[in-house]
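Below you'll find the structure, written out as structure tokens, and then a few comments.
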Amino acid sequence: MKAYAFVILFLITGCSTHGAHFVDAKPMSNDLLTSSVLSKPNWHHGAKNCSLSQQAPHDIYQHDESTFIIRQNKCLTFEAPFIYVLAGTKSVLVLDTGALDQDSSYNLYQELEKLLGKKHLSSKQLLVLHSHGHSDHFQGDWSFSGQKNVTVVNPEKQALHTFFEFDEWPNGEKTIDLGDRQITVLPTPGHQEESISLYDEKNKWLLTGDTLYPGYIYIKDWASYKNSIDKLAKFAKSHEVKAILGAHIEMKNKPKLYYPIGSTFQPDEAPLELHANHLYALNSVLKAQKSPEELVFDRFIIKPMSLFQKTLSNLIRWFSA
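With mature numbering (1 follows the signal peptide of the UniProt record, and there is no 0) applied, the sequence shown covers -20 to -1, 1 to 301.
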């Protein structure tokens, strides 16, 4: 689904019949006291006048010698999605490729060559996965076309099932061995049918794409989403999770406030990181819900799609297949 189609879809159908439930912040009262695992306090957040902006196409954060987080420029794409690069001794995993397509002068593969070294990158297997099948997460796939030792798993049901050999999607989990670095793959549908989340054993990060991030999260399948959040909450209780890192930032740094869709300047945005306490609080509230309802938390908002939105989403999904 093209970005402009996504904008039209939610601008014209943003008003829903669902009421809003403002969630008490007490379960997350220690949120501001939680120390950050990222040494980058601020990301490039766009500009008042993008025509005058000289920010690079991507804002790059190197967490350690084998871990990078890339954010795309909001002046080039208001979605400004995050891309995760996790390197092991044998393979490199890229989660999402962003919203800049081949009309852009930006080439993600060439950027990886700069970050990891051209010789070093070409000596390893490169695996490209997607958190889900919305176009702001796979538009950069073109840059990997024709490259050696590269496997791109399309964000489609059949491709995921074939590659990971899931027998009963969305049940179960799979493990990827990058070489001295284990990645757990968890199916987490709800926001979108093929959504997945990854757990990085090395850094103890849970990478959740659009399933959970500091923003306004539309949910297509409420029942599936509840099950996915419950799955992630149970996983977090049995594994150390130092940070939950999603695919966007849309919330402001004041509780319950967010930047509207299409914003290209977010000077007061919230941190990227969420934590296990946010996941537990969300799971607790979802379990108590008898029907889909907008849930307004301090750090994120969960919004069920209307029937009209779901229908349009299915039509766009069908035409873009």
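For each residue, glycine too, the CB sits at the ideal point set by N, CA and C. Everything numeric in this text was worked out from a predicted model, so none of it was measured.
Burial is judged here by how many other beta carbons sit within 10 angstroms of a residue's own beta carbon; Ala268 has fewer than 16 and is exposed. Using a C-beta cut-off of 8 angstroms, the region 94 to 103 makes no contact with the region 111 to 119, since fewer than three inter-stretch Cβ pairs fall below that distance.
Glu91 carries a helical assignment under DSSP once its states are collapsed to helix, strand and coil. Taking 3 residues as the shortest admissible run, the region 106 to 161 contains the following complete beta strand (DSSP E) segments, listed from N- to C-terminal end: 130 to 132 and 154 to 157. For Thr69, the closest of Glu220, Asn257, Ile156 and Ile197 by C-alpha to C-alpha distance is Ile156. Beta-bridge partners assigned by DSSP to Val74: Val65 and Val108. At a Cβ-Cβ threshold of 9 angstroms, Ile163 and Leu73 count as neighbours.
Gln289 sits in a helix when the DSSP states are folded into three classes. Between the alpha carbons of Thr142 and Leu262 lies a gap of roughly 32 angstroms. Contact between Gly189 and Ala213 is ruled out by a C-beta separation of about 16 angstroms, above the 8 angstroms threshold.
Within the same chain, and ignoring the five residues on either side of Trp149 in sequence, the residues whose Cβ sits closer than 7 angstroms to its Cβ are His141 and Pro167. Cβ neighbours of Tyr193 within its own chain (closer than 6 angstroms, five residues either side excluded): Gly226, Ala227 and His228. His38 sits in a strand when the DSSP states are folded into three classes.
Excluding residues up to 5 positions away in sequence, Lys137 lie with their Cβ nearer than 7 angstroms to the Cβ of Glu173 in the same chain.
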